[in-house]
Amino acid sequence: QAHDGHALIRLAGERRRVLAPFHNRRWDGDFLTVQGLIESGRLGEIKLFESHFDRFRPTPQRRWRENAEPGSGILYDLGPHLIDQALALFGKPTALSARVLKTRPGAEAVDYFHLQLHYPNTEVILHSDPFGAGPNPRFRVRGSRGSYLKTGLDSQEARLRAGVRPDSDDWAAETPEQYGVLYHGEGQESIPTVTGGYQRLFENLADAIRHGAPLAVQPGEALGSIELIELALRVQATGRTLPVAP
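Position one of the sequence shown corresponds to residue 799 (my numbering), numbered consecutively onward.
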């Protein structure tokens, strides 16, 4: 909960300890690609940003993430990553709409969320559900100069599970078949995915501990994600779009 996060930040300051959020997905290759396209202006002014993390898991499993326990459910599992990426790109929204549900028969924990972050000139949709059989969009970004579509999930987690070691700069590189597509007035073009690397998080953490380097993701940024999760649960309970505290 947010008040626990505040307490941890205070305690880390008092004890002069490094408190580092585990936001490894700041180093997803597809996110880095989207970030670069937005910062370069190739998409123009962003009007709609969609970020999906859908999987095909139609049957609940017996594990802590899916049990009726504090902090369980997909909103607390994947939600922080999608929210953190959105906040890194666009900052804090002005208001939030949300649907947070248990959609599978026998589900004890939330397995579906659809969050809409409202900005003055941009709408951001963050979505996850367990019925995503087949190819799924990961990012769909529409701007005044063009649109970008990326399907499939960043492959780093799958490669690590398969025993691939992150000991080279290109261990997480995608193949051309995995690249996203940029659509614009002159046609379309394949956009090579920036090579990600979760090892960067740990390199940054080591530098922070050993040399006092600033953390790439500050604890307060993670706290902002938790606050939006709690607000999303209130939105679901009240059925109303709610403002986000400045």
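Every residue gets a Cβ at the ideal spot worked out from N, C-alpha and C, and that includes glycine. Quick caveat: nothing in here was measured; it's all calculated off a predicted structure.
Identify which residue in the options has its Cα closest to the Cα of residue i.
{"i": "Arg840", "options": "Ser942, Ala1043 and Pro990", "result": "Ser942"}
{"i": "Thr949", "options": "Glu867, Gly994, Phe937 and Arg957", "result": "Phe937"}
{"i": "Gly877", "options": "Gln976, Ile1024 and Ala907", "result": "Ile1024"}
{"i": "Phe911", "options": "Leu1031, Asn1002, Pro935 and Pro974", "result": "Leu1031"}
{"i": "Arg861", "options": "Glu837, Ala905 and Gly889", "result": "Ala905"}
{"i": "Gly994", "options": "Pro1017, Gln986, Leu1021 and Ser966", "result": "Ser966"}
{"i": "Pro1044", "options": "His925, Tyr874 and Pro891", "result": "Pro891"}
{"i": "Gln1016", "options": "His801, Arg813 and His821", "result": "His821"}
{"i": "Gly932", "options": "Leu951, Pro819 and Glu984", "result": "Leu951"}
My assumption, with CB atoms under 8 angstroms, is that residue i sits in contact with residue j. Please give the rounded CB distance.
{"i": "Gln914", "j": "Arg823", "result": "That belief does not hold up - the Cβ atoms of Gln914 and Arg823 are roughly 20 angstroms apart, past 8 angstroms."}
{"i": "Pro928", "j": "Arg957", "result": "In fact, because the Cβ distance is near 23 angstroms, the residues do not count as touching under 8 angstroms."}
{"i": "Asp909", "j": "Ile872", "result": "5 angstroms"}
Residues in its own chain within less than 6 angstroms of residue i by CB, not counting five upstream and five downstream?
{"i": "Pro1041", "result": "Ala893"}
{"i": "Asp1005", "result": "Ala1011"}
{"i": "Phe829", "result": "Gln883"}
{"i": "Ile763", "result": "For the chain, the structure presents residues 799 to 1044; residue 763 sits outside this window and is missing."}
{"i": "Ala896", "result": "Leu913, Ala1030, Val1033 and Gln1034"}
Using a Cβ-Cβ cutoff of less than 7 angstroms, which residues in the same chain neighbour residue i once the five nearest sequence positions on both sides are dropped?
{"i": "Gly930", "result": "Asp852, Arg853 and Phe854"}
Just curious, the beta strand (DSSP E) that residue i is in, first and last residue?
{"i": "Phe847", "result": "Ile844 to His850"}
{"i": "Val832", "result": "Val832 -> not in any beta strand (DSSP E); alpha helix (DSSP H) instead, spanning Gly827 to Ser838."}
{"i": "Arg897", "result": "Ala893 to Leu899"}
{"i": "Gln914", "result": "Tyr910 to His916"}
Give me, in chain order, the residues of the same chain whose beta-carbon lies closer than 8 angstroms to that of residue i; leave out the 5 immediate sequence neighbours on both sides.
{"i": "Val962", "result": "Trp969"}
Which residue marks the beginning of the alpha helix (DSSP H) containing residue i, and which one marks its end?
{"i": "Gln997", "result": "Gln997 to His1009"}
Could you give the uninterrupted runs of the beta strand (DSSP E) lying entirely in the segment 932-961, keeping only those of 3 residues or more? With a minimum length of 3 residues, the continuous beta strand (DSSP E) runs that stay inside the segment 932-961 are 935-941 and 945-949.
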